[in-house]
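Residue numbers are given in the numbering used here: position 490 of the sequence shown equals residue 557, and the series is strictly consecutive.
Report on the following structure.
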Amino acid sequence: MSDRLLKIVMHVVRLMLGCTFVLSGFVKAVDPKGFSYKIDEYLQVANVSFPDWMSLPLVLAVTISCAEFVLGIYLLLGLRRRFTAVATLIVCMVFAIISVLLVIFHPVHDCGCFGEFISLTDVQTLLKNVVLLALAILLMRNPQVAKPLVPEGWQWFVSLYTCVFIFVFCLRSVYYLPLIDFRQYKIGANLRDMVFPSREDIKPEEISDFMVLDTLGEDQTAQLLFDDKPTMLIVAPLLSDASQGVTEQLVVIDDWCKDNGYAIYCLTASPLADVREWCYYNDARYPFLIADHTLLKTMIRSNPGLMLLRDGVIRNKWSCNNLPEIEDASFDEKKLEAEAGGNGKILLKILMWYLLPMLLMIMLSNLIRGKKKKNAQNPKVFDDLKEDSNDTDDLNNNIITTKKTKTMRKKIVAGNWKMNMTLQEGVALAKELNEILVADKPNCGVVICTPFIHLASIAPMLDTSVIKLGAENCADKEKGAYTGEVSAAMVKSTGAEYVILGHSERRAYYGETPEILKEKVNLALANGLKVIFCIGEVLEEREAGKQNEVVAAQLKGSLYDLTAEQFANIVLAYEPVWAIGTGKTATADQAEEMHAFIRAEIAKQFGAEVAENTTIQYGGSCKPSNAKELFAKPDVDGGLIGGASLKAADFKGIIDAWKPA
Ligand code: PGA
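Below, the structure written as structure tokens:
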């Protein structure tokens with residue numbers, strides 16, 4: 068798959084997963100109590116018992132809603148990409164397992180994936196979760212494709228704001244009633260039609276099992292629904308669990324209803340003994356009707372809740388936490404009826420409270436990031452460049468560098484043994500080098516990158532304060548059935564600290580594309596290795612004057628999805644392919660020109676400070692005789708040495724180029 072196509076596919080995958088999680092988290096947060104009833108069903112099937120005071124189902128409902136919503140936002144904004152990909156995969160795997168169990172055992176009716184918003188059959192749930200799992204696996208393979216919409220420094224703020232928003236929204240939905248009623252008994256529903264359908268075109272899902280009995284067991288449904296008087300229903304699924312704080316208010320409402328020609332009943336599923344006790348202790352004189360427990364929980368997410376019926380139509384609903392105040396002027400007959408669309412407006416307002424600050428935050432953070440980048444490109448010291456010595460005469464005028472003098476960034480000379488040396492020869496060379504460098508401390512960092520088979524034997528014999536160890540390659544896969552490959556974790560486990568990636572020989576002979584290299588880089592960094600990343604043009608490209616373009620594309624193709632923190636573990640090695648192993652060195656000026664260009668590109672992407680701290684080595688027929696001249700250039704920070712690293716004396720000669728004459 069081409070790079071471009073892969074990017075498009077991955078964006079679609081990420082957005083699909085993001086939208087699904089945001090939707091499923093949000094609809095659950097609209098009605099956490101409804102979702103907690105579903106969780107309660109699951110817990111009962113799984114035989115999990117817990118003390119009532121814990122309200123475990125509700126705690127889980129709020130936690131799951133918030134987690135799904137936050138994960139969805141992370142996916143949409145491309146935040147903490149690796150963590151998000153892993154978390155998404157784990158969640159999708161859990162969902163998939165649950166849906167397989169649903170299909171086999173049918174333990175509960177309706178999975179509850181989208182709360183009460185959408186009901187899916189078990190098979191539909193399984194299909195949905197298999198698709199989500201496939202998308203999550205795809206995302207896991209390419210987690211870094213998305214560019215974060217919010218720069219790193221701002222991400223904690225976005226995360227915190229999202230968590231607080233969704234949590235407070237959940238609590239609001241628990242305290243009051245859901246702002247959107249996903250069930251049948253929403254404001255405006257006609258219970259007469261639903262219970263005694265007169266229309267022929269009524270859909271099965273519109274038919275209700277609403278039924279009430281009086282305390283003698285007589286059916287009172289018709290009488291209740293066809294009463295000419297407006298009817299106030301106190302809905303208390305279980306009196307033993309009902310909030311005691313509102314009993315006095317209910318008595319007042321009862322009196323008001325009787326004085327104003329309203330019928331009033333309390334609907335409950337409690338046993339008669341509880342009804343009697345309730346009346347006795349709370350001075351309740353309103354009549355009681357008995358109904359199914361689940362029906363009552365579905366009618367209103369409050370215990371007790373209040374519901375006003377007129378002509379069989381639900382006109383308004385109140386949670387016990389905002390019952391109408393009798394002294395309040397608003398408790399007049401007309402105002403009792405809900406304002407049409409009132410909840411919609413509240414919901415819109417709440418969403419604006421999230422969306423507007425988020426948009427502002429995204430815009431502001433990107434504005435500041437843009438400014439920083441501009442500063443990084445600001446040719447403030449370009450004037451110094453012009454004034455400076457002949458070194459810069461050849462510099463292309465478009466090249467912008469941030470500093471001309473040698474800075475304190477790390478200088479490194481690294482050996483690349485390639486496919487040379489038996490184990491015994493390699494161990495002997497490493498031993499010799501170690502002794503020489505311990506005796507005569509180098510003025511720069513020294514690394515030797517050896518074939519895999521040498522690593523474990525050489526690692527214990529090196530004094531890492533003077534010489535460090537690296538591999539020449541690692542796999543683009545984490546682990547598993549990849550015969551002959553060696554993973555980044557395996558390299559790290561030998562004691563090696565570095566790995567060379569992107570060498571032109573691997574690009575040319577082993578078909579390593581920027582995409583493959585990106586995977587390798589990510590894995591190497593994830594396993595705590597530092598990467599010596601090679602870039603460079605072939606002869607035809609230089610002859611066509613395309614070297615800058617080629618090198619910029621190589622950087623972009625494999626490294627630009629890294630964060631600045633990750634990039635701090637990258638050493639770049641500019642190796643013009645036409646100079647590798649050919650004896651043909653790039654001139655010091657050619658090297659400097661390209662190194663300055665590379666540094667300017669890094670500044671554009673990661674900022675001036677990162678660029679200034681990046682070690683850029685030169686590689687390609689570097690030897691003791693030309694090392695000094697090359698290393699004297701301000702942007703050349705050492706070398707990646709092939710042939711000349713196979714003899715201790717030659718390698719030492721190059722290392723000594725960093726010593727004062
Ligand atoms: P060379 O190789 O020094 O033999 O030219 C450099 C490299 O390939 O890293």
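The beta-carbon is built from N, C-alpha and C at its ideal position, and this holds for glycine as well.
Since this is a predicted model, take the numbers as computed values, not measurements.
Only residues of its own chain outside the window of five on either side were considered, and among them L125, A128, V129, S132, C237, S240 and V241 have a CB closer than 8 angstroms to the CB of P99, listed in chain order. With a threshold of 7 angstroms, the Cβ atom of I722 does not count as near the ligand PGA, since no heavy atom of the ligand is closer than that.
Residue environment: S265 is assigned as exposed (fewer than 16 neighbouring CB atoms within 10 Å of its CB, all protein chains considered). Remark: the C-beta of L584 is outside contact range of the ligand PGA, defined as less than 7 angstroms to any heavy atom. Sixteen is the threshold: when 16 or more other Cβ atoms of the shown chains lie within 10 Å of the Cβ of F718, as they do, the residue is buried. When secondary structure is reduced to three states using DSSP, R368 falls in the coil class, being assigned neither helix nor strand.
Per DSSP, the beta bridge partners of D286 are L280.
With fewer than 16 other Cβ atoms inside 10 Å of its own Cβ, P338 counts as exposed.
Under DSSP, K535 takes part in a beta bridge, and its partners are V514. Of the residues assessed, I254 falls on the buried side of the cut-off, its CB having 16 or more other CB atoms within 10 angstroms.
N483 has its Cβ nearer than 7 angstroms to a heavy atom of the ligand PGA.
If you draw a straight line from the Cα of V605 to the Cα of A620, it is about 14 angstroms long. The C-beta of M299 has 16 or more other C-beta atoms within 10 Å across all chains shown, which makes the residue buried. In the three-state reduction of the DSSP assignment, G686 falls in the strand class, which pools E and B. Remark: the C-beta of C689 is in contact range of the ligand PGA, defined as less than 7 angstroms to any heavy atom. Fully enclosed beta strand (DSSP E) runs of no fewer than 3 residues occupy 597-602 of the stretch 591-631, in order along the chain. The stretch 509-527 and the stretch 482-497 touch, with no fewer than 3 CB-CB distances between them shorter than 8 angstroms. According to the DSSP assignment, C333 belongs to the beta strand (DSSP E) that extends over A330 to T335. Distance check between L202 and each of L584, R609 and M77 places M77 closest, using alpha-carbon atoms only.
DSSP places W484 outside both helix and strand once states are collapsed to three, so it counts as coil. Between the stretch 616-630 and the stretch 591-608, the count of Cβ pairs shorter than 8 angstroms is three or higher; the stretches touch. Note that the stretch 647-667 does not touch the stretch 423-430; fewer than 3 beta-carbon pairs, one per stretch, sit closer than 8 angstroms.
Taking 8 angstroms as the upper bound for CB-CB distance, A330 and D294 are in contact here, some 5 angstroms apart.
In the structure shown, T654 falls within a coil segment according to DSSP collapsed to helix, strand and coil. Between G709 and Y685, the beta carbon gap of about 12 angstroms keeps them out of contact (Cβ cut-off 8 angstroms). Taking S103 as the centre and dropping the five residues before and after it, the same chain places the C-beta of P124, L125 and A128 closer than 6 angstroms to its C-beta, in chain order. Distance between R343 and D281, taken at the CA atoms: about 14 angstroms.
Proximity of the stretch 75-90 to the stretch 342-356 falls short of the contact definition, fewer than three beta-carbon pairs being nearer than 8 angstroms.
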